[in-house]
Amino acid sequence: METTRRSFVQFLGVTGASAVVGCESATDALARLVEAGAETDFRPPGAQEIDLSSHVLNRLTWGPRPGDYRRIESIGVDAFIDEQLDPDAIDDRGCDRRTASIETVYEPAAELYEYDARRLLADLTRQKLLRGVYSRRQLFEVMVDFWSDHLNIASGKDDCRWLKVADERDVVRTHALGRFRDLVRASAVSPAMLIYLDGHDNKVKHPGDRPNENYARELLELHTLGVDGGYTQRDVIEVARCLSGWTYENRPFKFRAATVDFDPGRHDDGPKTVLGHVIRAGGGADDLDRVLDIVCGHPSTARHIAAKLCRRFIDDEPPDDAVAAVTAAFTGSEGNIATTLRALFSTDAFHTRRGTMFKRPLRYVLSALRGVDARTNCGPPVLSYLERMGHAPFQYPTPDGYPMESAPWLGTLLWRWNFALALETGRLKGTRLDAAALTERLGDPHGAAAHLLGRLPRPAEVEVLDGAKNPLALVLASPAFQFH
């Protein structure tokens, strides 16, 4: 579904956008801003055409903060990309200090059972939001979000309520820019994943026992080959047989709580055939690694991951040549994620398809907070808006993760507008911005609008903004700010 300015105007009439600014003129003001030409592309202040610096900032980060344009112009786009692809070399102590007090996210898995599960989810979410706003390792945080969706675990299922904290830290964050096979291997033996997709119930104790196929199916369909990756139901069963026997200690407060073990007595140790590859009998725990070697090295996996990365960074429908180039990089680097991304950022499609992607709610909220240089603790009031928009982190119920494409999120516009107003008017407890200081820092009465839109506002837009009671909220609610 193409999201256009007309879609926004139609949606204004359906929702009654007076809620945006709390007065009757809001609908007219926002509609006039749409018609004044708030296009869905990004241009840096003063530029006549879309600028690469603005584009890169809006794709590789959660949105530019004041000063980011100046910095990327100073060091160059290529140097900025190189910097972001090497997060360990970026000094992020400022962000670390902001999250240091969230002690639960650093606890060993076994000790997480000592905490209320609701607190763990709140703490994990707040850390994610704080790092999204304040981390200098922006591409790393974007990729953490990507892989958290790709290897989705709903935090509300059974012991996932406690163990998702460890999964996010030890699996997703540890391998977000590393090697794909290492990421999938860590996920396969994550206590949270074993619970979520019933891997701990996958046991074959007696001849004729049928293995639990849940994790095996999602490993093939979602995590590696893709739904059209060329596997059969027989392959699902054979993979499930290979993965039988992995379990974990699920008794809280015991010595080995949350410890993953392989139980030979629960494993089908006979011969198997996966995607045409014979796995000999007697492999035991090594069957897991044989399966991962096969599926992570399969051409369908390279295409599936490449296409998904292209949909995240290029367009909902990336061109075939871009996907092919990224596939080749993934294959040639043996699944090195940073190398694969470098190839993606070098494609013509990445350079030319600018301002075409509709922001998911999480990106919208983070880009707004970053764009206005808000001071925030990312507490419950911020999360409540994400919940209303249907994009609360770690709460998607099914294994496929939150939708990446634009169409499912168009219905979130009203809550975006209300968030924008609450942000400017100081009605987000724990979040503050200084609009006057922002304007002064950007050096122009309309500098804030130029910074947020990525281009100078046009005369007709200036007229609308000058007469608005809450001009920042109006810009944040405009069609142009919904895209990146």
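For the sequence shown, this note's numbering assigns the number 10 to the initial residue and increments by one for each residue that follows. Positions of the beta carbon are idealized from the N, C-alpha and C atoms, including for glycine. All values derive from a computational prediction rather than experimental measurement.
Would a C-beta distance cut-off of 9 Å place residue i and residue j closer than the cut-off?
i	j	result
glycine 344	phenylalanine 189	yes
glutamate 247	lysine 281	yes
threonine 310	leucine 252	no
phenylalanine 419	valine 304	Note that residue 419 corresponds to leucine in the displayed sequence, not to phenylalanine. The answer is no: Cβ separation not under 9 Å.
alanine 255	leucine 203	For the sequence presented, residue 255 should be read as tryptophan rather than alanine. Yes, the pair counts as a contact, with Cβ atoms nearer than the cut-off.
tyrosine 205	lysine 166	yes
threonine 349	alanine 333	no
proline 75	arginine 450	yes
proline 479	leucine 430	Note on identity: in this sequence residue 479 is asparagine, with proline being the wrong assignment. Yes, the pair counts as a contact, with Cβ atoms nearer than the cut-off.
alanine 489	leucine 462	yes
glutamate 433	leucine 422	no
arginine 68	histidine 400	no
threonine 440	arginine 384	yes
proline 96	phenylalanine 149	yes
aspartate 179	alanine 119	no
isoleucine 288	arginine 275	no
Return the first residue and the last residue of the alpha helix (DSSP H) that residue i is part of.
i	result
histidine 286	It is not in any alpha helix (DSSP H) - histidine 286 instead sits in the beta strand (DSSP E) that spans 286–288.
tryptophan 426	422–433
threonine 365	Threonine 365 -> no alpha helix (DSSP H), and no H or E assigned at all.
threonine 241	No alpha helix (DSSP H) contains threonine 241, which DSSP labels as neither H nor E.
tyrosine 257	Element bounds for tyrosine 257: not the alpha helix (DSSP H) but the beta strand (DSSP E), 255–257.
threonine 282	First-last for threonine 282: 281–283, but that is the beta strand (DSSP E), not the alpha helix (DSSP H).
aspartate 270	Aspartate 270 -> not in any alpha helix (DSSP H); beta strand (DSSP E) instead, spanning 269–271.
alanine 64	Before going on, a small fix: residue 64 reads as histidine here, not alanine. 61–69 is the extent of the alpha helix (DSSP H) around histidine 64.
glutamate 449	444–451
glycine 456	456–462
arginine 226	223–227
aspartate 77	77–84
aspartate 475	468–475
tyrosine 205	200–205
Roughly how many whole angstroms lie between the Cα atoms of residue i and residue j?
i	j	result
glutamate 414	aspartate 325	6 Å
glutamate 92	proline 417	33 Å
leucine 66	proline 402	23 Å
alanine 352	aspartate 329	14 Å
aspartate 210	arginine 80	52 Å
valine 283	histidine 313	19 Å
aspartate 158	valine 391	20 Å
valine 484	valine 245	50 Å
aspartate 100	arginine 145	8 Å
aspartate 277	tyrosine 224	16 Å
glutamate 82	histidine 64	12 Å
valine 174	aspartate 296	28 Å
aspartate 475	glycine 306	57 Å
aspartate 50	arginine 243	Here the model assigns aspartate 50 a pLDDT of 40, short of 50, so the residue's position is not dependable, and the following value carries that caveat. Going by the C-alpha atoms only, they are around 47 Å apart.
glycine 103	tyrosine 373	23 Å
phenylalanine 354	alanine 98	20 Å
aspartate 132	valine 381	24 Å
alanine 290	glycine 279	4 Å
glutamate 177	tyrosine 257	18 Å
glycine 31	asparagine 427	At glycine 31, the pLDDT of 43 sits below 50, so the modelled position is not reliable; the number obtained from the coordinates is stated separately. For glycine 31 and asparagine 427, the distance between alpha carbons rounds to 9 Å.
serine 393	valine 269	35 Å
aspartate 60	arginine 128	43 Å
For residue i, collect the residues of the same chain with a Cβ closer than 6 Å to its Cβ; drop the 5 residues on either side in sequence, then sort them by chain order.
i	result
aspartate 453	none
asparagine 221	Asp207, Asp210, Asn211
lysine 438	Pro390
leucine 371	His400
histidine 286	Ile303
valine 236	Glu230
phenylalanine 89	Ile81
alanine 56	Interpretation of alanine 56 is limited by its pLDDT of 48, a score under 50 that renders its predicted location unreliable; no figure is taken from the coordinates.
alanine 315	Val332, Val335, Thr336, Phe339
leucine 130	Ser164
leucine 121	Trp171, Val174
CB-CB under 7 Å to residue i, same chain, minus the five flanking residues each way: which ones, in chain order?
i	result
tryptophan 156	Val181, Ala185, Leu192
alanine 1	No answer is possible for residue 1: it lies beyond the span of the chain, which begins at 10 and ends at 493.
arginine 321	Phe155, Met413
proline 273	Gly254, Gly293
arginine 397	Trp424
Going by beta carbon distance, what residues of the same chain come within less than 8 Å of residue i, once the five residues before and after it are set aside?
i	result
leucine 301	Arg190, Val193, Arg194, Ala197
leucine 375	Trp71, Gly72, Leu138, Gly141, Val142
tyrosine 405	Asp158, Asn161, Ala163, Tyr411
alanine 331	Cys319, Ile323, Leu353, Thr356, Asp357, Ala358, Phe359
glutamine 136	Thr108, Ile111, Val114
What is the residue span of the beta strand (DSSP E) that residue i lies within?
i	result
threonine 498	The structure shown has nothing for residue 498, since the chain only spans 10 to 493.
valine 484	Valine 484 -> not in any beta strand (DSSP E); alpha helix (DSSP H) instead, spanning 480–486.
threonine 113	Counting along the chain, threonine 113 falls outside any beta strand (DSSP E), and DSSP gives it neither H nor E.
Between residue i and chain B, is the shortest Cβ-Cβ distance under 9 Å, so that the two count as touching?
i	result
histidine 232	Of the protein chains in the structure, only one exists, and it is not chain B.
Checklist line | Ranges of the alpha helix (DSSP H) found wholly within the stretch 294–338, counting only runs of at least 4 | finding: 295–305, 308–322
Notebook entry, point to check: Going along the chain, which unbroken runs of the alpha helix (DSSP H) with 4 or more residues stay wholly within the stretch 129–198?
Noted result: Within the stretch 129–198, the complete alpha helix (DSSP H) segments at least 4 residues long are 147–159, 169–176, 189–197, listed from N- to C-terminus.
Notebook entry, point to check: Which runs of the alpha helix (DSSP H) fall wholly inside the stretch 374–425 and span at least 4 residues, in chain order?
Noted result: 389–397
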